[in-house]
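All remarks here apply to the structure that follows.
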Amino acid sequence: MQNNRGMPVRFSGVDLLKLLAMLMVVILHLMGHGGILSRVHHAAN
Amino acid sequence: MYFYSTAVCAVDLFGLISGYLLAGSSGKVRRIVSLYCHVAFYTILITVLFAIFAPSRVRTSDYIWALIAVFGSYWYISAYVCVLLTLPIWNAFLRDCDLRKNPYKVFMCLAVILLGVILIKTGRDPFEFRSGYSCTWLVVLYLLGGLLRVNADIVRTIRLRVGIKTLLGGYFLSALIPAASLLFFSESVSDFLYAYTSPSVLLCAVILFEILCEVKIPSASVNRHIATLAPCALGVYLIHDHPLVRSCLLERLSFVAEEHVLSGVLKVSGLALGIFIGCLAIDFLRRQLFQLLRIQALGIRLETWSETLIDTLMKKIRIPGNINENQ
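In order, the protein sequences belong to chains A and B. Okay, so the first sequence: first residue is 1 according to this note's numbering, each after it adds one. Okay, so the second sequence: first residue is 1001 according to this note's numbering, each after it adds one.
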């Protein structure tokens, strides 16, 4: 998508959301959802 | 577990973001080429590094998957490539999904999604959502993100009416549902509520998306930094979720499982932040390298070449562009 001057439109809120969501994904992978802790518990059981 | 619940919606958020940003765009070959180069860079690099420093971990098939890159190593990338390849279909569907012009179509779309999500609880999965680890679920998220974009002005009015505080309250309350289910319901109920396809997880994602999607950051320099770092977010996923890296992390960080709840949460947060910043820095350097190598130009060249090839092929098999040409 482009603005009136033909420059690509940047959604700074969406950019911020991308970074925040990726940090959440890293937390998710460390804590569970096929992540490290769930695998450790699975292996322990 | 509540801390974990607030983060589960992250994958759904990425699907919504894709729909919001790509609705209305045409399916371009350069996007797939650029994605392939991005993914292949890490799959090949990581496999080679492991082959040098930990050869016992690398199997022959790992080299093949490293070259195929977009299929096999990461479930999200495989599903995302399928969405990109079928992008024109979804965008054509979204074109007349304006709630004021075509409410029937929008409500039918939402009803089908809701039905699919609820039917998972019956133990059957009629739409093959596979707890959210599937292309079908990513298409659903893409369509939802697209609907939010097509009806942005209506959604904005609702958001202003509801208010940010209520939305934040809704987000934390929705995140509480799966966490509370662990105390009051059976394991199958909590598994259903913790999946990416869970209604509460999806609600969390939509609310968080609405809170942040149109946020205006007053500082120009902060905006610039965010714009520079945002394209590197995918790199964080590609590095830390690579099968070889992940299995290595699994062994090194297993001590966290033995920690007390509070210190465990703090350590996980610290580790996650460290991994996030480290991977972001690596991908920033990768971006600089790609700019030097003009990878984007390669994508454009391949796109032009593929379009010429298809045109030639169409002429060869004599498929008329217009029905009138036959008459």
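Glycine is no exception: its CB is placed at the ideal position from the N, C-alpha and C atoms.
Annotation for G1264 of chain B: V1256 place their beta carbon closer than 7 angstroms to its own, counting only its chain and skipping 5 residues before and after. Put simply, the backbone Cα of L1273 of chain B is about 22 angstroms away from that of I1211 of chain B.
In this structure, B:L1013 is the residue among B:S1005, B:L1013, B:Y1002 with its C-alpha nearest to the C-alpha of A1205 of chain B.
Distance from the CA atom of L23 of chain A to the CA atom of I1317 of chain B, rounded to whole angstroms, is 50 angstroms.
The stretch 1023-1034 of chain B makes no contact with the stretch 1102-1120 of chain B, as fewer than three CB pairs between them are under 8 angstroms.
For the pair I1275 of chain B and H1240 of chain B, the CB atoms are nearer than the 7 angstroms cut-off. A Cβ of chain A is located within less than 7 angstroms of the beta carbon of V1215 of chain B. Sequence-distant Cβ neighbours of F1172 of chain B in its own chain, meaning closer than 8 angstroms and more than five residues away, are T1006. Take the alpha-carbon of C1009 of chain B and the one of L1292 of chain B: they are about 36 angstroms apart.
Neighbourhood of I1275 of chain B in chain A, by CB distance below 7 angstroms: V26, in chain order. In the structure shown, A1281 of chain B adopts helical secondary structure according to DSSP, grouped into three states. A straight-line Cα-Cα distance of about 29 angstroms links S1061 of chain B and V1139 of chain B.
At least one beta carbon of chain A lies nearer than 7 angstroms to the beta carbon of I1017 of chain B. Not flagged as an interface residue toward chain A: F1192 of chain B, since no C-beta distance is shorter than 7 angstroms. For V1236 of chain B, the C-beta contacts it makes with chain A under 7 angstroms involve M22, V26, in order along the chain. At a cut-off of 7 angstroms between C-beta atoms, F1172 of chain B does not count as an interface residue with respect to chain A. Only residues of its own chain outside the window of five on either side were considered, and among them V1070, F1071, G1072, C1135 have a CB closer than 8 angstroms to the CB of S1078 of chain B, listed in chain order. The C-alpha of G1278 of chain B is placed about 20 angstroms away from the C-alpha of R1224 of chain B. Distances from the alpha-carbon of L30 of chain A to those of B:K1267, B:F1184, B:E1307 put B:K1267 closest. When DSSP states are grouped into helix, strand and coil, R1161 of chain B belongs to the helix group. With a minimum length of 4 residues, the unbroken runs of alpha helix (DSSP H) contained wholly in the stretch 1125-1157 of chain B fall at 1135-1150.
Close partners of L1271 of chain B in chain A (Cβ separation under 7 angstroms): L30. The beta-carbon separation of G1145 of chain B and G1015 of chain B, rounded to 7 angstroms, stays under the 8 angstroms limit for a contact.
Here the alpha carbon of E1187 of chain B sits roughly 18 angstroms from the alpha carbon of D1125 of chain B. Look at I1226 of chain B: its C-beta is under 7 angstroms from a C-beta on chain A. Between V14 of chain A and Y1020 of chain B a beta carbon distance of about 7 angstroms is seen, short of the 8 angstroms cut, so the two are scored as contacting.
For a Cβ distance threshold of 7 angstroms, residue set A21 of chain A lies close to F1014 of chain B, ordered along the chain.
Put simply, the backbone Cα of L1289 of chain B is about 42 angstroms away from that of I1154 of chain B. Residue state for G1235 of chain B is assigned as helix, using DSSP reduced to three classes. Per the coordinates, the alpha-carbon of L1141 of chain B lies some 11 angstroms from the alpha-carbon of F1129 of chain B. Of the residues assessed, I1158 of chain B falls on the exposed side of the cut-off, its CB having fewer than 16 other CB atoms within 10 angstroms. Short of 8 angstroms from the beta carbon of C1097 of chain B, and not among the five residues preceding or following it, lie these beta carbons of its own chain, in chain order: K1105, V1106, C1109, G1146, L1147, V1150, N1151.
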